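Report on one structure; see the data block that follows.
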Amino acid sequence: WTLWIIADIITIPLYAYRGLGMLSLQYLIFTILAIQGYIEWKKTLNNNLQTA
Numbered sequence: 591w592t593l594w595i596i597a598d599i600i601t602i603p604l605y606a607y608r609g610l611g612m613l614s615l616q617y618l619i620f621t622i623l624a625i626q627g628y629i630e631w632k633k634t635l636n637n638n639l640q641t642a
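In structure tokens, the structure reads:
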């Protein structure tokens, strides 16, 4: 998750700089989804560790 988020954060301004605004917006949405996925994954991991 972490690498995916970092890659998206790097990609967003690169696409915006090249004038590809819609693609930049798409990667912004991907970043938001990846952050949400990371948060849910951490919650699940913590719950599993507490019940073990």
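Each number in the numbering used here comes from the position in the sequence shown (counting from 1) with 590 added on.
No residue lacks a Cβ here, since even glycine has one placed at the ideal position from N, Cα and C.
None of the values given here were measured: they were computed from a predicted structure.
Can you look up residue i in the DSSP assignment and give me helix, strand or coil?
| i | result |
| --- | --- |
| residue 609 | coil |
| residue 591 | coil |
How many angstroms separate the CA atom of residue i from the CA atom of residue j?
| i | j | result |
| --- | --- | --- |
| residue 633 | residue 641 | 12 Å |
| residue 594 | residue 607 | 20 Å |
| residue 597 | residue 624 | 11 Å |
| residue 614 | residue 626 | 19 Å |
Between residue i and residue j, is the Cβ-Cβ spacing less than 7 Å?
| i | j | result |
| --- | --- | --- |
| residue 617 | residue 602 | yes |
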